[in-house]
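First comes the structure, then the notes that go with it.
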């Protein structure tokens, strides 16, 4: 596994310092001696780039994770003492499945300055906070891994393998993938194929091309939202849901029990009048591409029996 040549940082700093301050013996910036020194350091920089880029380096030992889903996967794939910092959500038991493991770890704001202060040799970002952060870190020679969103179980497993490679934890990655595959395959199937719908506050649902859709299929259910033509996460009108007469409605819990306007649709009497069974799945169980998907599948499968 190759990582960016971190030793270049010293040479780059030396070049900049020498240029800005002038020669250490008082010669002006344009002097032949200074130019010779600059050329010498530039040559060292080139040699460092070639030698380090071609070397197999040990796995990263100071990993900074700046996203809840990357927190969960990193802590599942490497020893805790290799994690230099996690996001502020990692220790939140409502959103995180690794709250106990994350307790006591340093927390990063996710800003470039704060990440650099942790002296990382690998930064793991989610796709949504990587657009500006990743290019800046890479320009500074820091290795960055951007976790793919994982739209579906196959992409989820591929994302785990890709992250495990950059962590130097291929064996742990394969073990996690195998555990997820086995856990999903072991879920009981209903006596007849059921039709289910995922419904969230505000009337949002998960259509085709989502991990939630794959989970329904894995436990022997057809997705009403996908049948209605929804792709990805989109609004599913209450009328469409009721008219579809689903056997099961899967409600995602955000961990907030206080009444809200968006949540009123979940308590609409038309949903109860249809006779569909209902199961609540905490958001933390399928918000990220990790082994918690097994528990989410088990809750849905249990409700369908």
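Residue numbers (the numbering used here): -12 to 292. The beta carbon of each residue, even a glycine, is placed where N, CA and C say it ideally should be.
Run through DSSP, which three-state label would residue i get?
i, result
"residue 257", "helix"
"residue 152", "helix"
"residue 241", "coil"
"residue 267", "strand"
"residue 69", "helix"
"residue 59", "helix"
"residue 228", "helix"
"residue 51", "strand"
"residue 287", "helix"
"residue 93", "coil"
"residue 218", "strand"
"residue 272", "helix"
"residue 235", "strand"
"residue 280", "helix"
When the Cα of residue i is compared with those of the options, which residue comes out closest?
i, options, result
"residue 71", "50, 289, 195 and 143", "50"
"residue 283", "277, 100, 268 and 290", "268"
"residue 301", "177, 148, 145 and 57", "In the structure displayed, the chain extends from -12 to 292; residue 301 sits before or after that span and is not available."
"residue 69", "83, 75, 45 and 81", "45"
"residue 259", "270, 86, 228 and 287", "228"
"residue 291", "195, 230, 181 and 279", "181"
"residue 252", "53, 190 and 138", "190"
"residue 218", "193, 204 and 230", "193"
"residue 196", "79, 188, 287 and 137", "137"
"residue 234", "58, 216 and 203", "203"
"residue 272", "104, 81, 54 and 159", "81"
"residue 285", "220, 224 and 167", "167"
"residue 158", "99, 65, 98 and 223", "65"
"residue 206", "221, 90, 172 and 59", "172"
Using only the alpha-carbon positions, how far apart do residue i and residue j sit?
i, j, result
"residue 77", "residue 255", "34 Å"
"residue 212", "residue 110", "36 Å"
"residue 113", "residue 121", "10 Å"
"residue 101", "residue 175", "46 Å"
"residue 118", "residue 131", "12 Å"
"residue 179", "residue 263", "15 Å"
"residue 232", "residue 210", "12 Å"
"residue 108", "residue 236", "45 Å"
"residue 265", "residue 134", "32 Å"
"residue 146", "residue 230", "37 Å"
"residue 148", "residue 257", "44 Å"
"residue 63", "residue 170", "16 Å"
"residue -8", "residue 128", "With a pLDDT of 41 at residue -8, under the threshold of 50, the predicted position of this residue should be treated as unreliable, though the coordinate-derived value follows. Each residue's Cα considered, the two are about 7 Å apart."
"residue 186", "residue 106", "42 Å"
"residue 86", "residue 280", "17 Å"
"residue 150", "residue 216", "32 Å"
"residue 287", "residue 103", "42 Å"
"residue 139", "residue 123", "30 Å"
"residue 84", "residue 199", "18 Å"
"residue 250", "residue 188", "4 Å"
Taking buried to mean at least 16 other C-beta atoms within 10 Å of its own C-beta, is residue i buried or exposed?
i, result
"residue 126", "exposed"
"residue 239", "buried"
"residue 155", "buried"
"residue 277", "buried"
"residue 184", "buried"
"residue 96", "exposed"
"residue 289", "exposed"
"residue 153", "buried"
"residue 74", "buried"
"residue 141", "exposed"
"residue 47", "buried"
"residue 160", "buried"
"residue 93", "exposed"
Examine chain B for any beta-carbon lying closer than 8 Å to the beta-carbon of residue i, and answer yes or no.
i, result
"residue 146", "In summary, chain B is missing from the structure at hand, where a single protein chain is found."
* Asked: Mind pulling the alpha helix (DSSP H) runs of 4 or more residues that sit fully within the region 99 to 145?
  -> 99 to 104 and 117 to 126
* **Contiguous beta strand (DSSP E) assignments of at least 3 residues, all confined to the region 155 to 209** => 181 to 186 and 191 to 193
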